[in-house]
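Following: one structure in structure tokens, then a few remarks.
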Amino acid sequence: MIIVASILFSLAALAVLIKQDPKRARTFGLAPWQTGVGPRFLWLLCLAPGFVLPFFMPFAHWVIWLGATIAAGWFITSLRPGLGTRLKGELTALEARILGK
Amino acid sequence: MTGPSNQAIKRMISLHGWSGTLVSIFLYAVVFTGTVSVLQDEINRWSDPRRDIVHPFENPIEDTYQQLAAQVPGAFRGQVLIESAGDGSLRMFFYEKRKLKGQGTVDYGRDYLLDPETHRLLAARQGVSPHRRVEAPYHDLAHFIVDLHARLLIPGRAGLYATGLLGIVLLVAAITGILIHRHILRDLFVTERLGGRVVSLRDRHGLASVWGLPFAILVAFTGTFLSFAVSLGLPVVAISAFGGDTERAFAAVTAPAKIENATPAELANLDHIVAQAYLIAGTHPQFLRVEDAGRRDARVLTVHRNGGNGAVGPHTLEFNGVTGDFLRDRPLVGHSPSLGASTVAVMSPLHIGDFAGLASRAVWVALGAVLSMSIVSGMQLWLKRRGADPVWQACRKILAVVVWGLPVMLVGAGWGFFAAVIGGDTHSGTVAGFLVAGFVVMCLSLVSYSAQALSAHLRRILAWGLVGLPVLRLQTGGVSWGEASWNNVWQVMLIDLLCLTVAMVFLLRERAEKRSAAMALDVGE
Numbered sequence: 219m220i221i222v223a224s225i226l227f228s229l230a231a232l233a234v235l236i237k238q239d240p241k242r243a244r245t246f247g248l249a250p251w252q253t254g255v256g257p258r259f260l261w262l263l264c265l266a267p268g269f270v271l272p273f274f275m276p277f278a279h280w281v282i283w284l285g286a287t288i289a290a291g292w293f294i295t296s297l298r299p300g301l302g303t304r305l306k307g308e309l310t311a312l313e314a315r316i317l318g319k
Numbered sequence: 087m088t089g090p091s092n093q094a095i096k097r098m099i100s101l102h103g104w105s106g107t108l109v110s111i112f113l114y115a116v117v118f119t120g121t122v123s124v125l126q127d128e129i130n131r132w133s134d135p136r137r138d139i140v141h142p143f144e145n146p147i148e149d150t151y152q153q154l155a156a157q158v159p160g161a162f163r164g165q166v167l168i169e170s171a172g173d174g175s176l177r178m179f180f181y182e183k184r185k186l187k188g189q190g191t192v193d194y195g196r197d198y199l200l201d202p203e204t205h206r207l208l209a210a211r212q213g214v215s216p217h218r219r220v221e222a223p224y225h226d227l228a229h230f231i232v233d234l235h236a237r238l239l240i241p242g243r244a245g246l247y248a249t250g251l252l253g254i255v256l257l258v259a260a261i262t263g264i265l266i267h268r269h270i271l272r273d274l275f276v277t278e279r280l281g282g283r284v285v286s287l288r289d290r291h292g293l294a295s296v297w298g299l300p301f302a303i304l305v306a307f308t309g310t311f312l313s314f315a316v317s318l319g320l321p322v323v324a325i326s327a328f329g330g331d332t333e334r335a336f337a338a339v340t341a342p343a344k345i346e347n348a349t350p351a352e353l354a355n356l357d358h359i360v361a362q363a364y365l366i367a368g369t370h371p372q373f374l375r376v377e378d379a380g381r382r383d384a385r386v387l388t389v390h391r392n393g394g395n396g397a398v399g400p401h402t403l404e405f406n407g408v409t410g411d412f413l414r415d416r417p418l419v420g421h422s423p424s425l426g427a428s429t430v431a432v433m434s435p436l437h438i439g440d441f442a443g444l445a446s447r448a449v450w451v452a453l454g455a456v457l458s459m460s461i462v463s464g465m466q467l468w469l470k471r472r473g474a475d476p477v478w479q480a481c482r483k484i485l486a487v488v489v490w491g492l493p494v495m496l497v498g499a500g501w502g503f504f505a506a507v508i509g510g511d512t513h514s515g516t517v518a519g520f521l522v523a524g525f526v527v528m529c530l531s532l533v534s535y536s537a538q539a540l541s542a543h544l545r546r547i548l549a550w551g552l553v554g555l556p557v558l559r560l561q562t563g564g565v566s567w568g569e570a571s572w573n574n575v576w577q578v579m580l581i582d583l584l585c586l587t588v589a590m591v592f593l594l595r596e597r598a599e600k601r602s603a604a605m606a607l608d609v610g611e
């Protein structure tokens, strides 16, 4: 359970880092998300489980945390901005087709 | 501090590109099959039609051991191997070390196969140590995929040399990749841009490569080590110090010297030792070995697979053979614990992700997918940049054949395996399925007019081939979902669902592409 929480914690920090990344925002013509939290602090939060886990959990769990964070980090970074809007549009279209509108 | 000069970067870009391009097809084959073979245990259970498999160490073995030990010739009583045989039965192999002409030192003795639950005798023979793989026809599919990954189906040591060299190439590509990528952290969150342009492919390659970098270095290093340690390191030690006797060299490296004491003594109760081992390692032993039974210096070893009680490496527990006391966790290499021994012990688990059950394997499959994506996108980028050159343009079709053809051929191997399960030779069936699928891929590549069309055809074949696998498995006597739930064979449902999910993703993607193409046509009109 601790390991799942650690992975989710790191991914949450990563998600904020992705959202406020200036180069990503510039590439897709978006305004960077302002959170008031600096990227260094977010990186520290993201990597914090990696510093803490070795003291409380076996080495295998640390390796799983690292691997899962890398794989999931790649996956969420690969999603283009505006996915939520696109999904909403798709669902609305699907609803319209089902209801025969 | 100054970075590398522009000239040096150009040279490194060249090295990065050419080192990848020259062997990228084989590198992709090794990485992709490696990703699939991470699920080797799950595929083994999924392809096995037997409903209920009992672990041989779940039931007491002491009485059966005593009965059989009383029957074998005295010379074979000293050394005993107790394990789960390839077909799931309980093996008790009583043997001695014997030097045979042309074979070096071998284990020669009497081999008993018993029902794992009732210990009823199933088979007995006398000869050299048994070949586990021959006894496991239901595991041929996974064996084939692992063989393809570890040796690229090249027989003998040459296959291991080839994959070892590929590991070095991957390492070179990863290191030169770090050096040439000046904005590695700044580009960490840049998603692939739309349009399929060079810059889009660069984003795709950069993203997968940067995120997958630690994993690429890890698997390249451990894979190279595993390939060369077995194929080169051990034979060199054997030739230089043991007259070419690999078995003796292996024993000298792994088994510590002990104080000889030939005074007769009763062997400790094996059931008590197995129970102690379970408490220490957290798993049943993979196998148990008795050394010098009947003597005061007897030892009992229980070898446990990776990951017991949170450890990454395997456990080799050593017990006093007379008192049954636990002595120590024996290092994998050398005679006393060392950093080297610990490093060697984690090489295999870290390479195949086998150290925390399904959790670690799932993470390794995901990381393997990232690495496969990095290799494929690297090839795509290389070809896109050389789009004007007709020679490189022809290579796009080869890329499609490899990227989509290999998964199709693996699915073909699965079809061949299941077709041969009922009464046939599963090994030949698997190889035949793989080759027939390869032939179909080649024919399609000849008749397809473009790389894009070929990829679409192969994706469709792959999707329907994957849908057919669970159906064929059930039709050839495989475990049904009801039986799987009843006997807790979750692997059956996992692999079936994986096949169906991947197929669904491809089919839905094809449908979406068709729809957007039709919409684009409408707008054009």
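Protein chains in written order, with this note's numbering: chain A, 219 to 319; chain B, 87 to 611.
We treat Cβ as the ideally placed atom computed from N, Cα and C, and that holds for glycine.
Please read these numbers as outputs of a predicted model, since none were measured by experiment.
By DSSP's criteria, residue i is part of a beta bridge. Which residues make up the other side?
i: residue 212 of chain B; result: B:196
i: residue 185 of chain B; result: B:191
i: residue 168 of chain B; result: B:178, B:374
i: residue 207 of chain B; result: B:200
Comparing the CB of residue i with every heavy atom of the ligand MG, is any distance shorter than 7 Å?
i: residue 268 of chain A; result: What this structure holds is no ligand at all, so the ligand MG is not there to describe.
Rounded to the nearest angstrom, what separates residue i and residue j at their Cα positions?
i: residue 431 of chain B; j: residue 144 of chain B; result: 26 Å
i: residue 100 of chain B; j: residue 362 of chain B; result: 57 Å
i: residue 216 of chain B; j: residue 185 of chain B; result: 16 Å
i: residue 242 of chain A; j: residue 291 of chain A; result: 15 Å
i: residue 265 of chain B; j: residue 464 of chain B; result: 16 Å
i: residue 126 of chain B; j: residue 114 of chain B; result: 19 Å
i: residue 272 of chain B; j: residue 314 of chain A; result: 42 Å
i: residue 87 of chain B; j: residue 228 of chain B; result: Here residue 87 of chain B scores only 47 on pLDDT, less than 50, and its place in the model should not be relied on; the value that follows carries that caveat. Rounded to whole angstroms, residue 87 of chain B to residue 228 of chain B spans 51 Å at the Cα level.
i: residue 231 of chain B; j: residue 123 of chain B; result: 6 Å
i: residue 278 of chain A; j: residue 311 of chain B; result: 21 Å
i: residue 105 of chain B; j: residue 258 of chain B; result: 8 Å
i: residue 284 of chain B; j: residue 193 of chain B; result: 60 Å
i: residue 364 of chain B; j: residue 170 of chain B; result: 16 Å
i: residue 562 of chain B; j: residue 204 of chain B; result: 28 Å
i: residue 468 of chain B; j: residue 108 of chain B; result: 11 Å
i: residue 421 of chain B; j: residue 427 of chain B; result: 9 Å
i: residue 402 of chain B; j: residue 425 of chain B; result: 16 Å
i: residue 110 of chain B; j: residue 517 of chain B; result: 24 Å
i: residue 299 of chain B; j: residue 298 of chain A; result: 22 Å
i: residue 436 of chain B; j: residue 308 of chain B; result: 7 Å
i: residue 102 of chain B; j: residue 537 of chain B; result: 25 Å
i: residue 541 of chain B; j: residue 151 of chain B; result: 58 Å
i: residue 505 of chain B; j: residue 515 of chain B; result: 7 Å
i: residue 454 of chain B; j: residue 278 of chain B; result: 20 Å
i: residue 423 of chain B; j: residue 274 of chain A; result: 24 Å
Buried or exposed for residue i, going by 16 or more other Cβ atoms inside 10 Å?
i: residue 529 of chain B; result: exposed
i: residue 138 of chain B; result: exposed
i: residue 359 of chain B; result: buried
i: residue 599 of chain B; result: exposed
i: residue 535 of chain B; result: exposed
i: residue 310 of chain A; result: exposed
i: residue 477 of chain B; result: exposed
i: residue 228 of chain A; result: buried
i: residue 371 of chain B; result: buried
i: residue 308 of chain A; result: exposed
i: residue 306 of chain A; result: exposed
Just tell me which of the options has its CA closest to the CA of residue i.
i: residue 547 of chain B; options: B:261, B:524, B:207, B:457; result: B:524
i: residue 382 of chain B; options: B:353, B:367, B:364; result: B:353
i: residue 560 of chain B; options: B:121, B:488, B:135; result: B:135
i: residue 493 of chain B; options: B:370, B:110, B:121, B:332; result: B:121
i: residue 441 of chain B; options: B:514, B:148, B:417, B:390; result: B:390
i: residue 551 of chain B; options: B:490, B:574, B:538; result: B:490
i: residue 98 of chain B; options: B:396, B:268, B:290; result: B:268
i: residue 130 of chain B; options: B:602, B:576, B:587; result: B:576
i: residue 347 of chain B; options: B:370, B:206, B:406, B:585; result: B:406
i: residue 304 of chain B; options: B:351, B:256, B:369, B:166; result: B:256
i: residue 301 of chain B; options: B:451, B:147, B:325; result: B:451
Against chain C, with Cβ distances strictly below 8 Å, would residue i count as a contact?
i: residue 228 of chain A; result: In the displayed structure, chain C is absent; the protein chains listed are A and B.
* Segments of 3+ residues assigned as beta strand (DSSP E) that fall wholly inside the region 401-450 of chain B -> Counting whole runs of 3 or more residues, the region 401-450 of chain B contains the beta strand (DSSP E) stretches 401-406, 412-415.
* Length-filtered (4 minimum) alpha helix (DSSP H) runs lying within the region 314-396 of chain B -> Fully enclosed alpha helix (DSSP H) runs of 4 or longer: 320-327, 332-340, 356-367.
* **Completely contained alpha helix (DSSP H) runs for the region 516-583 of chain B, where each covers 4 or more residues** => You should have 537-561, 567-572.
* To do: Taking only runs that begin and end inside the region 460-507 of chain B, name each unbroken beta strand (DSSP E) of 3 or more residues, in chain order.
  => Listed in chain order, nothing qualifies, since the region 460-507 of chain B has no complete beta strand (DSSP E) run of 3 or more residues.
* Can you give, in chain order, each stretch of the alpha helix (DSSP H) that sits fully within the region 258-317 of chain A and has at least 4 residues? -> Listed in chain order, the complete alpha helix (DSSP H) runs (minimum 4 residues) inside the region 258-317 of chain A are 277-296, 301-317.
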